[in-house]
Amino acid sequence: MSATAERPATRGFVGLPIDRVDGHAKVTGAARYAADAPIAAPLHATIVQATIACGRIIAIDERATRAVEGVVDVLTYHNATRIPALPFDFTAPSSEELAPLQSDEIKYDGQHVAAVIAETFEAARAGAALLRVEYESRAPELSPGGARTVEQPEQWFGSDAQPRRGDPERAFEAAGVRIDQTYTTPIENHNPLEPSATVAEWRDGELIVHDSTQWVRGTRAVLAKSFGLDEEKVRVIAPYLGGGFGCKGFFWPHPLIAAMAAKLTNRPVKLVLTREQMFTSCGYRSETRQRLRLGATRDGRLQAILHDVLGTSSRVGTFVETAGGVTAMLFDVPNIAVTHSIARLDVPTPTAMRAPGEAPGSFALGCALDELASACGIDPLDVLRRNHAAVDPSSGLPFSSKHLLACYERGAEAFGWSTRPQAPRAMRDGGELVGWGVATATYPALRSPAQARVVLGADGSVDVASATHDLGTGMYTILAQIAADELGVDPRAIRVRIGDSSFPIAPVAGGSMSSASVGPAVQDAARRAYREAIAIATSAGGSPLHGLGEDEIEACDGGLRSKREPSRAIAYGEIVRLGGSGAIEALGSAAPGDEGERLSFHSFGAQFVEVRYDEELARLRVSRALGVFDCGRILNAKTARSQMIGGIVWGIGMALMEETVRDPRAGAVVTNNFADYHVPVNADIAAIDVLFVEEPDLAFNPLGVRGIGEIGITGVAAAIANAVYHATGVRLRDLPIVPEKLLAAQAAV
Amino acid sequence: MNAFRYAQARDAASAMAALAADPRARYIAGGTNVVDLMKEGVERPSLLVDITQLPLRGIDRTATGVRVGALALMSDVADHPAIARDYPVVAQALLASASPQLRNMATIGGNLMQRTRCAYFRDVSQHCNKRAPGTGCAAISGVNRRHAVVGGSEQCICTHASDLAVALLSVDAIVHVRGRAGERTVPLERFHVLPGSTPQRETVLEHGDLITAVELPASAAARNSYYLKVRDRASYEFALVSVAAALNVAGGRIRAARVALGGVAPTPWRAHAAEAALLGRPATGGTFAAAAEAATRGMKGYGQNDFKIVLVRRAVNRALQHVGAIA
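In order, the protein sequences belong to chains A and V. The numbering of the first sequence is this note's numbering, which starts it at 1 and goes up by one. The numbering of the second sequence is this note's numbering, which starts it at 1 and goes up by one.
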């Protein structure tokens, strides 16, 4: 806390590794997640899903369902509220255009076809199991290869989806070294611990929804539009989330079903998706097939990259997995051609999943660079350094703050990279082969307009409110830290309230933008409250600070004092009482300006990985991982480190085990549980370390913070695949790297 | 889950009487498998008879070995010093099973009765001859990465999920069963039955039969035994392939050998051909390699699971080297 001397108005809480302020509430069960909403005696709805991928419903037999004691009603397309189609836009961000329960059409296996509403959860489940739905089925299209409809979107989320510069084809043909490989990544599901849940209640024509959403205002907008209500008549509440990772970002159909059921029964209705339903009801990461062509000089300098990405989307919504986005900006390459295509299939709609685009894209590009290093006989880290981009090659703009080379250096030193033999199969430990791999991490720094309110109460309380979200990552804590520094109050004494659409506006908790968007708004609101407090304290008779100037005052221990005579002090509560208006209330706001026209904002990092491989049994383990990140100012060293470790664990899962498998004939997910969809367990995770090259990015926002939600996973799968090559001498270009692929690759050598 | 009745049995006789009176009644012990299956709608019992109060928890030394009560917990058996010393393969298989939480609930008898993890079996909207006889097997031409490479039929190619049963097979365990006609014993090798044309039938037990104990005969081979499990992650994961190997080597020659396999067949699978390739031969790398090759004889993949055959050969070789003390 020595920072006090330099920054008199702050106490240096920002950056400290302080414990989560919501930790106690979570471990004691006091934190109420959506399904815990304090609503008395709700009805329970259980969704019934289609068991065909393409066709229509020809009959629904509800008799056995309605005979179950406790079943109140059955919601199907026959009696559902008529609601309009829901085309995606950023003011009403529905993932699927097809509103639920509107017709007999079936567009994918797992589509909601009914909801059984009952007095108890058990009755709803029992009733759902007894609902007989008959279908007329057509053969579905399930594989992107040879799909009848393949689209090439021009733009995606405001960015060019087919970026091109120079003459990449000619430069590739003319290059001294060429790499031409195809990399594939499977379908992956987010699998937050908390399944999506909604409790919906109609009260005097108003709709109140407790929902596990990463975007309370987005959810409010879709609900209002669907039911023809003013947005003010809808309130969406989401104080806590048990993870989201993107599957609670855009709007999915189930909250509409909960609201319809509540309307139909005129009772509050609780709806929780089952784990199995989570695999088809709230998006997933599209599979990708990525052809990468690199042309380079013999000393490893890139001349051309051609990156063709084929992903998938559904018949009822569009999402583009922009795996090539990273290619256009990461390295200093004069000639680039990136294409994105999506095959329309009879499947649910994919969505953003932690590091959308960058996660699969950084895998393919990171592996291709390693292949280039091998082809040139150069250390892979040297190839990364040689192609470092000093300015953003996609825009020509300088980066606001880029310290990637420092990430490489610090990482190499901490990992011991300089002792790495270049040849594969050169390191052993006991009976195991050992390999080291490296890859680059990156994610754009995004920011949206946001507001926050700070209220100082006569009782000395400090409240912060904003319609932002805490996915479990530490938002409550960092907002308290930011306000604490402005006001000179202990962060643990500040009450932060978030996750309510009636609070000041905040963007979706996605794109790693919450800290950079909401943090400065809280800072602004706290500053305004602080100045208001000074104005009262210096003007009110009876204040010990009466008559002093603003620059003669500093914050201290929950109040203000004279810099020169610290004994002249007054607590905020006393100031509020002197002010006579009951509270000091300040609305702060923050928004990006035109800095994006002059600067490019990105975060970077370097991922270093060690694997150990038992060749006889095809047993592969990640024994060591190190991530070094350049993400601007770190607001809380503890929660930031946790978030990065989580990202690296995700990367290990992505590299070695995660895969959602559909039945190739009918499209049903056959890995829709945690026994068959493998995520790493503790025993799979060995030593992980995280370092920050902490350079505040003050050109980006006044706090100097860039988001850290997604970057942790980027580059990890590539570093692992590269380490596998280093250990074994075989390239695995198809994720996940499971035993049969290792065995087949060895057999082919 | 359907509505069902629940009763707690005071003694074996009343438990058996309750089942005899109701063809849809089922025993429940730890419940780690049957409750899951009830939630999925795969098991739809009318009555659950809780047998956990029956006095079948003991782990006792006998003149010929150890007798493990059917209701002994997996965790208790794994931690028992006599098991760890005289049947290391059993302790290792238990500790490689499930998670500590599950092992603290699940019982030895229940473990033998657990049902397959086949995704088509567990999804009631899919075709499965085991769950719904006559509907077909969706796995044979579907997603069959985890399925059997030996012992299956055109009706069913599921795998048995137990690690423990594989280990028990390698120590010649004997299952004690109480039925209508009184107590009987069934060698574990004959306890589970292959699917053939009746995949719904998984063991020799008749409705109402109650497992009371599992007997582990002492042997030199059992004392020199080892469990090797190859799986997709380091813990909390079913086997892709597992090997239970038990070897008695004296004077450089193999006097007794047991090789059992998991993850490859609808039942725990005894590799008789591998054992024959070991018996009487010198305990050398060449013998073990030949036995490992023999273990794969007759195995056939269905596409996605072809790799298991390679893994069987390598895992058997590794396990034999371990118990043969040449690794």
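All residues carry an ideal CB built from backbone N, CA and C; glycine is no exception. None of the values given here were measured: they were computed from a predicted structure.
Separation of the CB atoms of A/Phe279 and A/Thr660 is rounded to 6 Å, and the pair is thereby assigned contact status at 8 Å.
With a threshold of 16 other beta carbon atoms within 10 Å, A/Ile58 falls short and is exposed. With three or more CB-CB distances shorter than 8 Å, the segment 497 to 510 of chain A counts as touching the segment 448 to 468 of chain A.
The contact set of A/His678 on chain V, defined by CB atoms closer than 8 Å, consists of Asp232, Arg233, Glu237 in chain order.
For V/Gln304, at least one C-beta of chain A is nearer than 9 Å to its own C-beta. Around A/Phe503, the same chain offers Ala465, Ser466, Ala467 as residues with beta carbons nearer than 6 Å, after the five sequence neighbours per side are excluded. The continuous beta strand (DSSP E) containing A/Ser603 extends over residues 602 to 614.
At a cut-off of 9 Å, the C-beta of A/Val333 has no neighbouring C-beta in chain V.
The Cβ-Cβ distance between A/Gly246 and A/Val309 does not fall below 9 Å. A direct Cα-Cα distance of roughly 22 Å separates V/Ser97 from V/Met38. Within the segment 115 to 130 of chain A, those residues whose Cβ lies closer than 8 Å to any Cβ of chain V are, in chain order, Glu122, Arg125, Ala126, Ala129. In this structure, the CA atom of A/Asp109 is about 8 Å from the CA atom of A/Asp346.
With a threshold of 9 Å between beta carbons, A/Asp61 makes no contact with chain V. Per DSSP, V/Lys229 is not a residue of any alpha helix (DSSP H); the beta strand (DSSP E) it occupies stretches across 225 to 230. Contacts between A/Leu743 and chain V, judged by CB atoms closer than 7 Å, involve Phe307, Val310 in chain order. Taking a contact as a CB-CB distance under 8 Å, the pair A/Ala34 and A/His254 does not count as one, their CB atoms being some 11 Å apart. For A/Gly145, the closest C-alpha among the options A/Ile634, A/Ala450, A/Ser341, A/Phe415 is that of A/Ser341. Neighbours of V/Asn224 in chain A, taken as residues at a C-beta separation under 7 Å, are lacking, since the least C-beta distance is about 21 Å. Non-local beta-carbon contacts of V/Met299 in its own chain, meaning distances under 6 Å to residues more than five positions away in sequence, involve Val149, Val150, Ile309 in chain order. Collapsing the DSSP output to three states places A/Ala114 in a strand.
Secondary-structure assignment with DSSP links V/Ile211 through a beta bridge to V/Val177. Under the Cβ distance rule, A/Arg665 counts among the residues neighbouring chain V, one pair being separated by less than 9 Å.
Counting of Cβ neighbours within 10 angstroms places A/Pro350 among the buried residues, the total reaching 16 or more. For A/Ala200, the closest alpha carbon among the candidates A/Val68, A/Met329, A/Asp36 is that of A/Asp36. If you look at A/Leu560, you'll find it in the beta strand (DSSP E) that goes 559 to 562. For V/Asp163, the closest Cβ of chain A is not nearer than 9 Å. The DSSP-derived three-state label of A/Gly653 is helix. Proximity of A/Met278 to chain V, defined by a Cβ-Cβ separation below 9 Å, is not satisfied. By the rule that beta-carbons nearer than 9 Å mark a contact, V/Arg184 does not touch chain A.
Within the segment 599 to 619 of chain A, contact with chain V at the beta-carbon level (separation under 8 Å) is assigned to Glu616, Leu617, Ala618, Arg619. The C-beta of A/Ala414 has fewer than 16 other C-beta atoms within 10 Å across all chains shown, which makes the residue exposed. When only Cα atoms are considered, A/Gly300 and A/Leu405 end up about 17 Å apart.
Exclusion of the five residues before and after V/Tyr302 leaves Ile140, Asn144, His147, Ile157 as the residues of its chain whose Cβ lies within less than 7 Å of its Cβ. Exposed is the label assigned to A/Ser103, since fewer than 16 other Cβ atoms lie within 10 Å of its Cβ. In this structure, the CA atom of V/Ala161 is about 18 Å from the CA atom of V/Tyr226. Classified as buried, A/Val611 has 16 or more neighbouring CB atoms from the shown chains inside 10 Å of its CB.
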